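Under my numbering, residues 309 to 945 are what the sequence shown spells out, in order.
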Amino acid sequence: MGETLTHKILAAHLTEGKLGGGGEIGVRIDQTLTQDATGTMAYLQFEAIGLPRVRTELSVSYIDHNTLQNGFENADDHAFLQSAAARFGLYFSRAGNGICHQVHLERFGAPGKTLLGADSHTPTGGGLGMLAIGSGGLDVAVAMGGGSFYLNDPQVVLVRLEGALPPWTSAKDIILEVLRRVSVKGGLGKIFEYGGPGAAALTVPERATITNMGAELGATSSIFPSDEQTRLFLRAQKREKDWRPLAPDPDAAYAETIVVDLNALQPLAARPHMPDLGETAAALAGTPVQQVCIGSCTNSSYRDLMTAAAILKRRTVHPAVSLVIAPGSRQTLTMLTESGALTSLLDAGARVLEPACGPCIGMGQAPASGAVSLRTFNRNFAGRSGTTDAGVYLVSPETAAASALSGVITDPRALGAPPVIAAPEFFRVEDSLIIPPGDPATPITRGPNIKPLPIAPPLAETLLLPVIVKLGDNITTDDIMPAGAKVLPLRSNIPAMAEYVFAPVSAGFAAKAKAAGACAVAAGLNYGQGSSREHAALAPMYLGVRAVLARSFARIHRANLINSGVLPLIFAGDADFERLQAGQTLKLTDLAAAVTGNDPFPALIVETGETIRLRHDLSERQKRLILAGGLLNAVRQ
Ligand code: MIC
Ligand code: SF4
């Protein structure tokens with residue numbers, strides 16, 4: 309049997325474990341990326357590890373999330389990150405240069421390489437045929453130091469794209485279709501490899517839309533082969549030397565195959581508040597819209613924004629709609645400017661932002677109360693836009709632009725002949741906002757918002773844990789540790805940030821946790837889906853959360869809990885989940901033995917005297933981390 313592309317890249321980077329066994333494997337990481345909302349922690353952690361310089365082939369620190377500067381905090385963080393990049397030997401992409409994933413695709417990514425990024429949408433790089441994985445900042449810090457990254461040997465799924473995209477559909481509709489079939493938890497432990505004639509026809513930026521939003525499947529990564537499309541893209545970025553062809557063997561064996569018939573694809577929209585709630589735009593047509601946002605790391609390519617501009621050209625947005633353009637990179641924005649497309653957008657009434665995450669992470673442009681906002685982004689979790697009762701729909705640039713004109717959700721096929729945007733022969737390459745690695749003697753600039761890292765205590769033998777809250781399925785890291793313009797500036801200040809833990813779903817949580825001293829939380833399936841922010845583990849840990857009990861966990865968040873020294877425990881059965889109630893106290897005893905062993909173990913509900921059964925599914929390496937009180941403690945030992 310032949311090899312999948314995923315296995316070929318994994319085999320070339322394997323440092324520990326065995327492929328095909330289903331257990332934990334270690335891989336060497338060639339490239340890393342961080343952004344400013346996760347980066348401050350990652351470089352504080354790298355500093356704590358104590359190495360003078362990064363040991364990867366290439367590491368890049370991006371500024372793109374915390375770009376609203378309402379106070380000194382974000383600017384201070386940026387100064388810290390710039391000095392750390394110079395000192396530790398990283399490239400530094402300055403504020404205004406664009407979103408990490410978009411810029412990395414344009415300027416640094418390369419087929420066959422491994423990329424670890426402190427952001428869940430790092431798999432965007434899979435559009436170039438690289439194995440790109442999101443993780444918490446501490447895992448990135450370790451990889452920057454030359455340490456392996458550990459993951460569960462993934463199941464490789466083939467997504468075969470048959471046929472060709474019909475007019476007015478685009479890459480976004482493909483991933484929305486995959487999402488509605490597979491769901492936000494269906495990708496756990498899997499890597500999605502795209503193939504077939506429909507995949508071959510997609511350009512790299514279109515592929516990157518799909519691999520980017522593969523994160524919403526809960527998948528470890530998504531990847532396309534490196535072929536002629538890849539060569540053309542890298543050539544157009546003046547980096548053809550980075551190209552090499554890569555493909556699975558023709559007889560590669562996959563764990564599962566999904567077939568998507570592109571000929572039958574229609575323009576789709578994911579309804580509030582989950583990316584897998586896809587519906588045809590036709591079925592939703594007529595729903596009044598108050599805001600349309602085009603951009604984010606999902607749909608910010610030259611093709612995407614030129615398409616929107618062509619649709620809006622010599623037309624005016626509906627008076628009830630606020631149209632926001634958030635370009636993903638300075639490259640795209642300058643090319644829009646030079647081509648005159650920016651003028652079409654401005655004439656149509658668009659509000660144009662700097663190249664950054666912006667509204668995608670609630671950094672401005674919160675919709676009005678109860679508004680419907682159509683966004684070309686990747687996440688529509690409740691409240692993430694900054695407005696709790698807004699309804700966010702995820703759509704393609706085509707559907708977004710058509711709806712901005714009409715003021716209601718509109719199937720773009722209503723507009724007649726679609727615009728045809730040719731891929732540029734050459735992109736505009738201008739890297740002056742990327743600062744190369746600097747002097748190892750550069751002093752680190754540390755503003756007053758940058759507080760020391762909290763570190764967990766080693767695991768106690770007995771834990772008495774009040775269960776402060778019991779939550780349902782699909783709790784996101786936006787629920788656990790919200791982002792947005794108010795909270796994001798506190799990313800390097802865990803004590804201040806911790807006050808907002810669970811604010812959207814459990815009022816008063818921080819005070820209750822602090823009063824309890826040590827405590828636990830309980831939840832249903834897919835706990836911790838979404839963002840890679842390790843603050844969703846570190847801040848609860850700081851408040852005293854010692855264990856999270858769930859029916860299942862999302863991959864990155866579970867790793868972040870372990871790295872932070874918080875026990876991720878799984879209810880052994882449905883009855884155990886049903887039995888435990890919020891407000892009860894759980895007594896865990898003989899914990900060293902429970903963690904070292906692999907069997908389910910009992911926990912006592914103090915109030916009722918009943919026992920429930922829990923398990924942990926920890927690898928041997930993860931057991932060591934939990935016993936030590938997290939990865940930093942373990943590394944120091
Ligand atoms: C997101 O899309 O939620 C973010 C903001 O990019 C996060 C990272 C973060 O929380 O800092 C992500 O996806 O990992
Ligand atoms: Fe930024 Fe949004 Fe992409 Fe996250 S998903 S990296 S916030 S644009």
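Note that beta-carbon positions come from the ideal geometry of N, C-alpha and C, so glycine has one too.
A quick note: this is a predicted structure, and the numbers were derived from the prediction, not measured.
Start and end of the alpha helix (DSSP H) containing residue i?
i: residue 413; result: 408–415
i: residue 448; result: 445–452
i: residue 298; result: Coverage of the chain is limited to positions 309 through 945, which leaves residue 298 absent and any answer about it impossible.
i: residue 590; result: 589–592
i: residue 795; result: 792–795
i: residue 783; result: That residue, residue 783, is in no alpha helix (DSSP H); it is neither H nor E in DSSP.
i: residue 512; result: 512–521
i: residue 441; result: From DSSP, residue 441 is part of no alpha helix (DSSP H) but of the beta strand (DSSP E) over 439–442.
i: residue 752; result: First-last for residue 752: undefined, no H or E at that position.
Taking C-beta to C-beta, are residue i and residue j nearer than 9 Å?
i: residue 566; j: residue 450; result: no
i: residue 337; j: residue 364; result: yes
i: residue 568; j: residue 702; result: no
i: residue 446; j: residue 939; result: yes
i: residue 523; j: residue 498; result: no
i: residue 741; j: residue 397; result: no
i: residue 442; j: residue 466; result: no
i: residue 824; j: residue 877; result: no
i: residue 385; j: residue 758; result: yes
i: residue 259; j: residue 344; result: Not covered by the structure: residue 259. The range shown for the chain is 309 to 945.
i: residue 292; j: residue 760; result: This structure cannot speak to residue 292, because the chain is shown only from 309 to 945.
i: residue 317; j: residue 484; result: no
i: residue 663; j: residue 684; result: no
i: residue 650; j: residue 600; result: no
i: residue 712; j: residue 631; result: yes
i: residue 899; j: residue 771; result: yes
i: residue 597; j: residue 680; result: yes
i: residue 783; j: residue 820; result: no
i: residue 537; j: residue 415; result: no
i: residue 729; j: residue 614; result: yes
i: residue 995; j: residue 855; result: Absent from the structure is residue 995, since the part of the chain shown begins at 309 and ends at 945.
Just verifying my parser: in three-state terms, what is the DSSP assignment at residue i?
i: residue 562; result: coil
i: residue 668; result: helix
i: residue 711; result: helix
i: residue 721; result: helix
i: residue 837; result: strand
i: residue 939; result: helix
i: residue 585; result: coil
i: residue 761; result: coil
i: residue 387; result: helix
i: residue 905; result: coil
i: residue 422; result: strand
i: residue 527; result: strand
i: residue 596; result: strand
i: residue 778; result: strand
i: residue 647; result: helix
i: residue 625; result: coil
i: residue 360; result: coil
i: residue 652; result: helix
i: residue 729; result: coil
Return the Cβ separation of residue i and residue j in integer angstroms, given the expectation that the two are a contact with Cβ distance under 8 Å.
i: residue 935; j: residue 796; result: The Cβ separation is near 33 Å, so there is no contact.
i: residue 832; j: residue 866; result: Not really, about 15 Å apart at Cβ, beyond 8 Å.
i: residue 791; j: residue 798; result: About 10 Å; that fails the 8 Å criterion.
i: residue 439; j: residue 531; result: 6 Å
i: residue 750; j: residue 391; result: 6 Å
i: residue 452; j: residue 362; result: 4 Å
i: residue 309; j: residue 461; result: Going by Cβ atoms, the distance from residue 309 to residue 461 rounds to 16 Å, so no, they are not a contact pair.
According to DSSP, residue i sits in a beta bridge with which residue or residues?
i: residue 457; result: 335
i: residue 827; result: 853
i: residue 498; result: 463
i: residue 401; result: 370 and 742
i: residue 569; result: 470
i: residue 324; result: 334
i: residue 989; result: The structure shown does not extend to residue 989, since the chain is modelled only from 309 to 945, so the question has no answer here.
i: residue 578; result: 586 and 702
i: residue 861; result: 835
i: residue 683; result: 601 and 702
At a threshold of 8 Å, does residue i count as lining ligand 3 (C-beta to nearest heavy atom)?
i: residue 787; result: Of the ligands this structure carries, namely ligand 1 and ligand 2, none is ligand 3.
Would you kindly report the start and end of the unbroken beta strand (DSSP E) that includes residue i?
i: residue 479; result: Element bounds for residue 479: not the beta strand (DSSP E) but the alpha helix (DSSP H), 479–490.
i: residue 602; result: 599–603
i: residue 802; result: That residue, residue 802, is in no beta strand (DSSP E); its alpha helix (DSSP H) goes 802–805.
i: residue 630; result: 630–634
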